[in-house]
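What follows is a single structure, written as C-alpha cells, with notes after it.
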Amino acid sequence: MKDFHYHRPATSTDALAALATADSAPLGGGTDLLVTMKEGLAEPAHLVDMRYVRGARDITVRADGSVRLGGAVRIADLAAHPVIREKFAALAEAARLVGTPALRNMGTIAGNLCQRPRCWYYRRGVACLKNGGTGCAAVAGENQYHAIFGGGPCHAVHASDPAVALTALEATVELLGANDARRSVPIGEFYAGAASNPRAETVIAQGEIVEAVELPARSAGGTQRYAKVMQRGMWDFALVSLASVKRADGEVRMVLGGVAPAPHAVNPSVGEDVASGELDDESADALAERALYDAVPLSKNGYKATQAAALLKRAMLALSRA
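Dropping the structure here:
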C-alpha cells in the first residue's frame, strides 16, 4: 500500500475542500477501500474520513414517517435502530446479514453502497473492463458467482445487501458536491452504467459524497422481508437475495440481489399480480418463471435462477396472503 495523507474534517464544507485535492477519496469504515488499496486497485493520495462530519452518523425520523440516514451511519446501527426495525424491516434485516459483527460495526451505509466488485478476476489484478482491460474474463472462466441479468461487458454482481432493500423501498441517495451543489438520485438510477463504466459502479462524480439516504414515508410499514442465500450459511456475500415489500397501500415491490451488476427490480406486473389476491403454488410458480424470463445464466451459474425462483415463490405466497 502506498503512503497517503489522512484528513478528518468536522463539516461537509471542510470534507469537500479536502476531496477537491487530486487523488483523494472519501473514507467510511474502510472495510472495502483499504482492502482495494492493499490489493493495488486504488491508490488515493488523500483519505477524507467522513465519520466525524457533523450529522453524518445521524438517523433522523421525521414526523411524516420518512427517515434520513447520514452517509456515515454504521450498518450495525441500522440493524439495531427501533424505527428501522419496525417500519423498514427489510432494510434492518439486510443490514443484520451484512458480513460479520466486526464489519457491521465498522462499515457505513455510504461505503456499503459504493463498494467495488468482489469478482475474483478483478480483485486478483486480471485485466478486465474494471482493471485496465476491455472484456470480462469470467464469461469463459469461473463465473459461478456472476450475473444472470444485465451483465456485459462486466458480469460482476454488486455485493451490497442494503442496496437491494433500499431499492425495494424506493430510497433516494442524496449527493453533495462542490459549492454545496446537491442532487437527489433515486437508488434505482444510482447504479446506472455499473456493467459498462470501467472506473466505478455508481453515478457519483469526482468530488461528490453520499451525504445521506432518504427513506420515503410511503415505504414505511406494511409487510417487508429480506432473504439471502449464502454458500456458508452466514458471514458471506449473497449468492442470491430478495427484498420483498407489500406497502400499506397494497403495492408490491420485489428486488433481487446477487444476480446483476446492480439490484435487479422484478417486473412491476409480477408485483401487481401478487397484490391482486391470494396465490396458490401453481400461480406462484408461473409468476416466478415470468420474473426470471430475461435471465441469461453463464456456463456455471444457472443455479442462481433456481435459487431466485425459490425465494420469489416463498415471498410471493407470503405477500399475497398478508
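Under this note's numbering, the first residue of the sequence shown carries the number 84, and numbering increases by one thereafter.
Note that beta-carbon positions come from the ideal geometry of N, C-alpha and C, so glycine has one too.
If you draw a straight line from the alpha carbon of residue i to that of residue j, how long is it in whole angstroms?
{"i": "Asp132", "j": "Tyr89", "result": "7 angstroms"}
{"i": "Met189", "j": "Ala159", "result": "8 angstroms"}
{"i": "Glu294", "j": "Ser327", "result": "26 angstroms"}
{"i": "Val338", "j": "Ala348", "result": "4 angstroms"}
{"i": "Ser366", "j": "Arg134", "result": "48 angstroms"}
{"i": "Ala374", "j": "Gln390", "result": "13 angstroms"}
{"i": "Ala251", "j": "Ala210", "result": "34 angstroms"}
{"i": "Arg265", "j": "Pro236", "result": "31 angstroms"}
{"i": "Leu110", "j": "Pro351", "result": "36 angstroms"}
{"i": "Val381", "j": "Ala388", "result": "Per the sequence shown, the amino acid found at residue 381 is Leu instead of Val. Leu381 and Ala388: Cα-Cα distance of roughly 11 angstroms."}
{"i": "Arg151", "j": "Arg145", "result": "8 angstroms"}
{"i": "Val166", "j": "Ser149", "result": "10 angstroms"}
{"i": "Asp86", "j": "Gly208", "result": "20 angstroms"}
{"i": "Ile270", "j": "Val296", "result": "9 angstroms"}
{"i": "Leu212", "j": "Leu186", "result": "28 angstroms"}
Using 8 angstroms for Cβ pairs, my map puts residue i next to residue j. What's the rounded Cβ distance?
{"i": "Leu196", "j": "Ser243", "result": "6 angstroms"}
{"i": "Ile292", "j": "Ala105", "result": "At roughly 17 angstroms, the Cβ-Cβ gap does not stay under 8 angstroms, so Ile292 and Ala105 are not in contact."}
{"i": "Leu174", "j": "Leu249", "result": "6 angstroms"}
{"i": "Arg140", "j": "Ala155", "result": "5 angstroms"}
{"i": "Ser324", "j": "Glu253", "result": "The pair is not a contact, with the Cβ atoms about 18 angstroms apart (cut-off 8 angstroms)."}
{"i": "Gly233", "j": "Ala278", "result": "6 angstroms"}
{"i": "Ala108", "j": "Leu116", "result": "6 angstroms"}
{"i": "Ala177", "j": "Tyr309", "result": "5 angstroms"}
{"i": "Gly304", "j": "Ala331", "result": "5 angstroms"}
{"i": "Gln314", "j": "Ala172", "result": "That belief does not hold up - the Cβ atoms of Gln314 and Ala172 are roughly 25 angstroms apart, past 8 angstroms."}
{"i": "Glu361", "j": "Ser403", "result": "5 angstroms"}
Return yes when the Cβ of residue j is within less than 7 angstroms of the Cβ of residue i, no when it is not.
{"i": "Ala125", "j": "Thr119", "result": "yes"}
{"i": "Leu370", "j": "Gly341", "result": "no"}
{"i": "Val286", "j": "Ala275", "result": "yes"}
{"i": "Ala261", "j": "Gly290", "result": "yes"}
{"i": "Gly113", "j": "Thr191", "result": "no"}
{"i": "Lys426", "j": "Leu180", "result": "With the chain running from 84 to 405 in the structure shown, residue 426 is simply not present."}
{"i": "Pro200", "j": "Ala239", "result": "yes"}
{"i": "Ala230", "j": "Ala343", "result": "yes"}
{"i": "Ala101", "j": "Pro92", "result": "yes"}
{"i": "Ala358", "j": "Gly385", "result": "no"}
{"i": "Lys329", "j": "Ala405", "result": "yes"}
Take the Cβ of residue i as the centre, count every other Cβ of all protein chains shown within 10 Å, and call the residue buried at 16 or more, exposed below.
{"i": "Asp147", "result": "exposed"}
{"i": "Tyr376", "result": "exposed"}
{"i": "Asn226", "result": "buried"}
{"i": "Ala220", "result": "buried"}
{"i": "Pro346", "result": "buried"}
{"i": "Thr255", "result": "buried"}
{"i": "Lys121", "result": "exposed"}
{"i": "Ala398", "result": "buried"}
Which residue or residues does DSSP assign as beta-bridge partners of residue i?
{"i": "Glu257", "result": "Ser267 and Ala295"}
{"i": "Gly153", "result": "Ala295"}
{"i": "Ala108", "result": "Leu130"}
{"i": "Thr306", "result": "Lys329"}
{"i": "Ser324", "result": "Lys311 and Gly340"}
{"i": "Tyr89", "result": "Leu130"}
{"i": "His347", "result": "Leu339"}
{"i": "Ile142", "result": "Leu152"}
{"i": "Thr191", "result": "Arg157"}
Check whether the Cβ of residue i lies closer than 6 angstroms to any heavy atom of the ligand FMN, and answer yes or no.
{"i": "Leu174", "result": "Annotation note on the ligand FMN: not contained in the displayed structure, which lists no ligands."}
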